[in-house]
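Numbering-wise, this note's numbering comes out as the position in the sequence shown, counting from 1, plus 1.
Ideal Cβ positions, reconstructed from N, Cα and C, are used throughout, including at glycine.
Accompanying notes for the structure given below.
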Amino acid sequence: MAAALILRENDRFFRRERVFLDRSNPLDRPDDFLLRAYRFPRHKIIELCNELRPDLEKVTLRSHSIPVELQVLSALRFYASGSFQNVIGDVFGLSQPSISRCISDVTDALVRRINQYINFPDEAERRTNKSDFYKIAHFPNVVSVIDGTHIPIKAPNDNEYQYVNRKNFHSINVQCICDANFKIINAVFRWPGSTHDSYIWNNSQICRQFEEGDIANGWLLGKHDIRTAKGSYPADSVSQANWIVQYLNMHSTVSNEVSEGKVLMKFKNSFFICGKVVCEKNWREIYGISEYRFRKYRQKCMSGQTHVIHGNSNTFKLQPNSSECLGWSYVSSIGEHLPNENRIELPAGMTKRDVFETMEKELGASVPEKSKYRLWNKFCTNVKTTKVYLYIT
2 MAAALILREN DRFFRRERVF LDRSNPLDRP DDFLLRAYRF PRHKIIELCN
52 ELRPDLEKVT LRSHSIPVEL QVLSALRFYA SGSFQNVIGD VFGLSQPSIS
102 RCISDVTDAL VRRINQYINF PDEAERRTNK SDFYKIAHFP NVVSVIDGTH
152 IPIKAPNDNE YQYVNRKNFH SINVQCICDA NFKIINAVFR WPGSTHDSYI
202 WNNSQICRQF EEGDIANGWL LGKHDIRTAK GSYPADSVSQ ANWIVQYLNM
252 HSTVSNEVSE GKVLMKFKNS FFICGKVVCE KNWREIYGIS EYRFRKYRQK
302 CMSGQTHVIH GNSNTFKLQP NSSECLGWSY VSSIGEHLPN ENRIELPAGM
352 TKRDVFETME KELGASVPEK SKYRLWNKFC TNVKTTKVYL YIT
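Structure, rendered in structure tokens:
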């Protein structure tokens, strides 16, 4: 004991070399910090900087311009946190106007390259998507999933009332189509928040391509309030398209499906939850926050207690701040998905009952039912098994 105390006392006098980080180079940080702060691993950040360098590097003899790395990382930090520009400027040692210009320049550079990364797959890629979706839940012939989300924005000066959505905050209603690997392959950013999902779908180019037969031999998986130009789902029109499938909850009204010649097939909801989660998780990763914090972010947006997308909405006419949304789609398309640290993937064949029995066996005591389900919902992958209906014409 005495020897340990002596060594500890002598350790105070041991000279250690101080390590000074280069504050002008945010990449001089550990890998886990970069992934947590910017939602990208180091090699992806370097690739992005090299690709955007021709657009962001400024040639000037008057003063030292902001390095490309600082411009890109400040924009990524804004995308990941949605924080105030003053706060981001304090991190990088830049003023708020400089951060604002960096975000605008990086976003514009991303938008110019958007078609390289967001495009609907060709026939060969669609076959690969079908195989990937089948591996998820043994659901056949699905090429992609479709869903929508509301992006909060500042109240625009023109036609402000059109951007107030059903949750009573200003937004643009974004429709996105994703593949099984969480990559956005088609997106529509032009409609105000009050626009219904069905209207966005009916007026989209991808809808016309399906109707005209340019994209065949596959299904889109969407939610029940998506309506096609040929009719609406689930069963209020006889002439329904045969290339889109909706998942319904167990409370949906079903009538006359047999008399209209529809084939009714019952599946477990896990099939369709896999599809919906693809779109929802994609947008969560674009915001760079977990599902819980994302819900809090939405709630605060509704009450006006948080910050939303900044910028001059008059520049974009009917699509305010669409460049930021396009930039986020680009970021999502080339990014690597973050591991979910809170979730525990259970071994194959292990049920909820097995988890509870193992828990009590290891603790050596009984666990209250409320505590069991609270821990299950927080840490374990839980897919509800309510019934849904699939309509096929």
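Counting only runs of at least 3 residues, the stretch 22 to 76 fully encloses no beta strand (DSSP E) element at all.
Burial check for Ala-188: the Cβ neighbour count within 10 Å reaches 16 or more, so the residue is buried.
Of all alpha-carbon atoms in Thr-196, Asn-142 and Asn-203, the one lying nearest the alpha-carbon of Ile-152 is that of Thr-196. Per DSSP, the continuous alpha helix (DSSP H) segment holding Gly-90 begins and ends at 86 to 93. Rounded to whole angstroms, the gap between the alpha carbons of Ala-217 and Phe-211 is 7 Å. Look at the beta carbons and you see the stretch 170 to 189 touching the stretch 141 to 152: at least three pairs across the two are nearer than 8 Å. The Cβ atoms of Ile-178 and Val-146 lie closer than 8 Å to each other. Comparing alpha carbon positions, the residue from Asp-215, Gly-94, Gln-86 and Pro-68 closest to Asn-51 is Pro-68. The straight-line gap separating the alpha-carbon atoms of Leu-77 and Pro-55 is approximately 18 Å.
The beta-bridge partner set that DSSP reports for Pro-193 consists of Ile-173. The three-state reading of DSSP puts Thr-352 in coil, since its state is none of H, G, I, E or B. Within a 10 Å sphere around the beta-carbon of Ala-181 sit 16 or more other beta-carbons, which makes this residue buried. As DSSP reads the structure, Asn-187 sits in a beta bridge with Ile-178.
Under the three-state reduction of DSSP, Ile-115 is assigned to helix.
For Asp-32 and Ala-81, the gap between their C-alpha atoms comes out near 16 Å.
Within the DSSP bridge table, the entry for Thr-150 names Val-175 as partners.
Where Asn-203 is concerned, the enclosing alpha helix (DSSP H) starts and stops at 198 to 203. Nearest Cα to Leu-222 within the set Pro-141, Asn-204 and Asp-215: Pro-141.
Put simply, the backbone Cα of Ile-46 is about 23 Å away from that of Asn-87. When C-alpha distances from Gly-219 are compared across Asn-130, Asn-160 and Ser-105, the shortest belongs to Asn-130.
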